[in-house]
Structure formats: structure tokens, C-alpha cells
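Numbered by mature numbering (1 follows the signal peptide of the UniProt record, and there is no 0), the letters in the sequence shown go through residues -20 to -1, 1 to 351 in order. Beta carbons are placed, not taken as given, at the ideal position from N, Cα and C, and that holds for glycine. Scroll down for the structure; my scribbles are underneath it.
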Amino acid sequence: MRTAILSACLTLPLAAPGLAQDLDALPPADLLPLAQAEGKVTVYAFTSRIGRVETAFEAAYPGIDMVGFDMSSTEMIARLRSEAGAGIANADVIYVSDAPLVLSELLASGLIAPYVPPRVAAALPDSAKAPLLQQRLSTKVLMYNEESYPDGAPVGNLWDLTREEWSGKVVMVDPLQRGDYLDLMTEIVLRSDEMATAYEAAFGQPIALDEGVADAGRQFITDLFQNDVVLFGSTDDVNVAIGAKGQEAAPIGFTSYSDRRDNEDEGWALQVANEVVPANGIVFPALLALNPEGQNPAAARLAIDFLMGDDSETGGEGFAPFYVAGDWATRNDITPHPDAIPLAEFNGWQIDPQQTAPIRAEVADLILQLQ
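Structure below.
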């Protein structure tokens, strides 16, 4: 019987779409024996927290080895393209951000496929189920050192970052290396009307655009880079620069609100600048998808179901690494984290990937010219 089940599972990636649809309808209890016959699931993940998920998943489902690969979304997208071109399907599950590129390239070209676990479908808004499953909402927002600035954020307007006193003291990851940061810069361009209003609030006069600069968003990016913004290669480096304790006048910069979870362990004092106008940054989805050519289709679906959390109020062990202030579950039956700013009160722009994708490359070209 085990041999028959295993044989069926191994042929599923090459089988008719109807068989995949049959798997899509199965609850976890029915997926489990098929997944155990497969014995393994490989997850490409854009977060190091996948390590905690591995441990919890293997404890919940003995006999299934979860192999997680932690890489940036930018690296993951390039890897998936390369592997597909070579006829390789290493990953079973894709856990990724950078929605504008993921939807317009990976999903549109069939390199990834949607899957919504039936167990949680009723608890999700339609926007979190299509075109791809959204597990949670995350951020790239302005953060500061609350030990260095105990009275609150040292700036109240994004344009303050272009003032001379912040020259060389604004930090972020290079937007040309990390898609989430490029999405942040692109959103600033898309919100140019709001940026123009914020400029007048900051400086008391309407914005005057430099020659060749089309709008207030591009002007902000230009001014920010001309004010010697400091670019790092990783979010961890940004977090240390901003959050390390013992600084008298710490830098300020863009990182993830959820990284406050590491304040105690890392000796940081990260805090979000939620009162900054016109917004403190962006809110974007963390996406889950299948590799349609993956070798472990049942285990892949079981892993995605697990990552969406169990039926408890906090999502249990599968969602525990993400049940922190700064990550908001998309499921409406998971209780918001008690230390989190409610999403409705969070001053970040929620991105629209369909609006971001068409001008993203143009914004990248601008940043390349400014570096």
C-alpha cells in the first residue's frame, strides 16, 4: 500500500490539473498520509523564522522532513527563474514577499501556483485568497532608537530626512538589492500628491521640482540620496545601526516593525515612528504559493496549511514565529497581538501590487542614477 501511495504522489506534478484540484480540496487529516509517503517538503522562505517553523512542523507531523531555505525575495525570484529555465523544481512551497514582481512575473508565467487551504478559507477576506494566498501583512517603515530619543520619534515628516541635520544619518537596505525597499521607494512616487502636501507642511511653501524631476515622490528620493542616505546590504545591519543601545544620537531609517521582537535578545531599542506624515512607510503581504512542478504536492499543501496557523486564538505553533507586534495575520479569527498597534491605526501605506509593478523599473533606474 505504501508503495502504491508513494507512486501516486510522485506522478502528481506531471498529472492532469484535476488531480491537483483534488488535493486542493483535502483537509489536513487526508493530506497527512500522502505527505508522510512523500516524506519531505522543501520551502523557499524570505524569512529566517522558517527555522522555527521547521521544528514545529516536524514535531506536529513526524515522518515529514521540512527543509527550509532562507533567502531574500529578490534572490528567491532569481533562483526560481533560473531553476525553471534549467528544468529543476527544488522547491515545493514558495514563501515570499515582493508582491508586485511575484504576481506580474512568477504567477503570470506559471512558475508558481495558488493554493488556499480549505480549513482556513472562510476566515480570510477575498483579497487574501486571490490572486495568491496572503499569510500575514508585514512592513518596511521608519524606525528610531527609543533609548536615544525617549520623547518619541525625532522627526515628524518624511521630508525631515532630507534636512541637513540628518545628512548621513538615514539608513536603509539598498533598494536595488531588496525588492521590499524598492517597493517602498515606488510607493513614495505613487503617493506624490501626499508627498507634495507634506513638503508644504514641512517647509511652509509649495514644492519646487528640480529640472527633469516629474513629481514630489521622485524629488524626495532625489533629495534623500543627495543627503547621503546610508545603504546597507541587510536588514540586520540596518537594525544594528538604528537600534543598538548606548548611542547618543542614533541614526533613523527604514526597516521592519516586527524586528522589535528581537530588541531584548539583540540589545536593541527599535521603535516605530507611527506619527510621521504622510506615512511611515509601507504595509505589504507575505505570500504563500506552490511550485506546480514540485515533487511533494501533498506535503506542500500540508505545510502551507500549517503556516496559516491552527484553530487556536493565536494560530498555535505554525504561526507562533509571526505572532508578534508588526505582523498582522490575514485570518480574521486570529486575535491581534496585544502589543501591536492595530492595523487600522498604523500609519503605513498598503501597497497595491498592480499599481507598483508598472513603474518599479523606472524607480530603480532613478535610484541607480543617484547612487
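Asked, Found
"Proximity of Leu113 and Leu138 at Cβ, strictly below 9 Å", "no"
"Range of the contiguous beta strand (DSSP E) that encloses Asp50", "45 to 50"
"Neighbourhood of Ala5 by C-beta, 8 Å cutoff - its chain only, sequence neighbours within 5 removed", "Pro98"
"6 Å Cβ shell around Ala249 - same chain, five flanking residues per side excluded", "Asn125, Glu126, Glu127, Gly223, Lys225"
"Exposure of Leu11, with buried meaning 16 or more beta-carbon neighbours within 10 Å", "buried"
"Beta-carbon spacing of Glu18, Ala279 below 9 Å", "yes"
"Given Ile314 as reference, the closest of Asp203, Met152, Arg116, Lys120 once Cα atoms are compared", "Arg116"
"C-beta contact flag for Gly48 and Ile68 at 9 Å", "no"
"Neighbourhood of Pro301 by C-beta distance below 7 Å, restricted to the same chain and skipping five residues each side", "Arg29, Arg32, Val33"
"DSSP bridge partner residues for Phe264 (one or two, in chain order)", "Ser118"
"Buried versus exposed call for Leu189 [16 or more other C-beta atoms within 10 Å across all chains shown]", "exposed"
"Close-in-space but distant-in-sequence residues of the same chain around Ile347 (CB under 8 Å, 5 per side omitted)", "Pro155, Leu156, Leu162, Met165, Ile201, Phe205"
"Between the CA atoms of Thr215 and Ala(-13) - distance to the nearest angstrom", "Here the model assigns Ala(-13) a pLDDT of 39, short of 50, so the residue's position is not dependable and the matter cannot be decided."
"Nearest-angstrom Cβ-Cβ length linking Ser77 and Phe234, presumed shorter than 8 Å", "Not really, about 14 Å apart at Cβ, beyond 8 Å."
"Beta-carbon contacts of Gly90 that lie in its chain and below 8 Å, excluding the five residues immediately before and after", "Pro272"
"Start-end ranges of the beta strand (DSSP E) lying completely within the segment 158 to 233, minimum 3 residues", "210 to 212"
"Own chain, CB closer than 8 Å to Thr(-18), minus 5 neighbours either side, in chain order", "For Thr(-18), the pLDDT reaches just 34, beneath the cut-off of 50, and the residue's location in the model is therefore unreliable, leaving the point undetermined."
"Endpoints, the beta strand (DSSP E) within which Gln251 is located", "250 to 252"
"Coarse secondary structure for Met56, derived from DSSP in three states", "helix"
"Neighbourhood of Val100 by C-beta, 8 Å cutoff - its chain only, sequence neighbours within 5 removed", "Asp285, Met288, Gly289, Arg311"
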